[in-house]
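J.: -16 is the number of the first residue of the sequence shown in the numbering used here; add one for each residue after it.
Think of the CB as a built atom: it goes at the ideal place given N, C-alpha and C, for glycine as much as any other residue.
Source: prediction; values computed, not measured.
I'd like to ask some things about the structure below.
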Amino acid sequence: MQNFIKVTLVTYLLSSTPTLGQISHTELNEVFHATSMAYEKKLEETQSALLFNPEDRGLSPWDFSNYLRASYVKIDPTQLENNESNSKWNSSVKTIHIVNVYGGYANLKGITKDGIALVICHELGHAFAKQNFKWDESPMEGEADYYTTSKCLKKVFQFLPKSNHSPKLPSGELDICLSSILDSKLCERVLFAIKHSFMLSLHKETQIQTNLLTPDKTTSLEINRDLRFYPNPQCRIDTLVAGLLLNPRPSCWFQ
Ligand SMILES: [Zn+2]
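Below, the structure is given as structure tokens:
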């Protein structure tokens, strides 16, 4: 299984071609690599494999430069139609988790590798979060956000070298980390990733400005398990911060 993951990863690294943008294809692969390393043990324990941006008819999701999205899908390797894909998988692999990161992120102004890691972690929340499910029994969006900072990102950052060029956060935002039991540098790094991923993409998509210091005060009357339901942008940012600090999930989506 370990060899299998390494072989897959090497194939990916070799097949990468540089793309112009805020995040290059090489940097994207660095984040994929760090995430694979962080999840190696878990994948082995759960007899599963993790695949990033598989090509479809010669195109990678990263080639879709106008599509600012990431996605997750879980497949059973025995159900793959084509023999070539089927024979690639070791028989011990019972589940394949596929994460796609589309090329809209490549040119998102201000995006960082840490920000891409955060986006990937959200998708892995749909694979590995263990509570608060939608009607189809997949983890809810709010839960995937909570998983992102409570579990995933802290692990992935152990394998992803910190950029030398990260500017400092303003002091008011840094104060968020005073109530954290985490190492202050790690806490700061996660906050910075929140600002340089979801806050940018949510703004581009909805034109709604979010802030680390002005939480959504609304209280949801019931937990919404609808398949298409997303908490509002500020509520999502609050959930990421709550996960980072291991505070309760915010009442804007959770009860
Ligand atoms: Zn999601």
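(1) Rounded to the nearest angstrom, what separates P216 and H109 at their Cα positions?
(2) Hey, how far is the Cα of S31 from the Cα of K77?
(3) Could you check what DSSP says for K57 in three-state terms: helix, strand or coil?
(4) In the DSSP assignment, find the unbroken beta strand (DSSP E) run with F35 in it and report its ends.
(5) Buried or exposed for E171, please, with buried defined as at least 16 other CB atoms from any protein chain shown within 10 angstroms of its CB.
(6) Find out if the Cβ-Cβ distance for the pair Y88, I99 is shorter than 8 Å.
(7) Is the stretch 114 to 126 touching the stretch 199 to 210, taking contact as three or more C-beta pairs under 8 Å?
(8) Mind reading off the beta-carbon distance from T241 to V173? Whole number of angstroms is fine, and I expect it under 8 Å.
(9) For L42, which residues does DSSP report across the bridge?
(10) Please list, following the chain, all residues that have a C-beta closer than 6 Å to any non-hydrogen atom of ligand 1.
(11) Curious, which full-length beta strand (DSSP E) runs of at least 3 residues does the stretch 92 to 144 contain?
(12) Please report the distance separating the alpha-carbon of R219 from that of E13.
T.: In short:
(1) For the purposes of this step, residue 216 is taken as the residue at position 233 of the sequence shown. For the purposes of this step, residue 109 is taken as the residue at position 126 of the sequence shown. In a straight line, the C-alpha of P216 is about 18 Å away from that of H109.
(2) Here residue 31 is taken as the residue at index 48 of the sequence shown, counted from 1. Here residue 77 is taken as the residue at index 94 of the sequence shown, counted from 1. So the alpha carbons of these two residues sit roughly 6 Å apart.
(3) As a working mapping, residue 57 is identified with position 74 in the sequence shown. In the structure shown, K57 sits in a strand (DSSP, three-state: E or B).
(4) If you number the sequence shown from 1, residue 35 lands on position 52. F35 -> beta strand (DSSP E) spans 31 to 35.
(5) Within the sequence shown, the letter at position 188 stands for residue 171. Result: buried.
(6) Position 105 of the sequence shown, counting from 1, holds the residue named residue 88. Position 116 of the sequence shown, counting from 1, holds the residue named residue 99. Yes. Within cutoff.
(7) yes
(8) No statement about residue 241 is possible, as the shown extent of the chain runs from -16 to 238 and does not include it.
(9) In the sequence shown, residue 42 corresponds to position 59, counting from 1. D39.
(10) H105, H109, E124, A127
(11) none
(12) Taking the first residue of the sequence shown as 1, we reach residue 219 at position 236. Taking the first residue of the sequence shown as 1, we reach residue 13 at position 30. Their Cα atoms are separated by approximately 26 Å.
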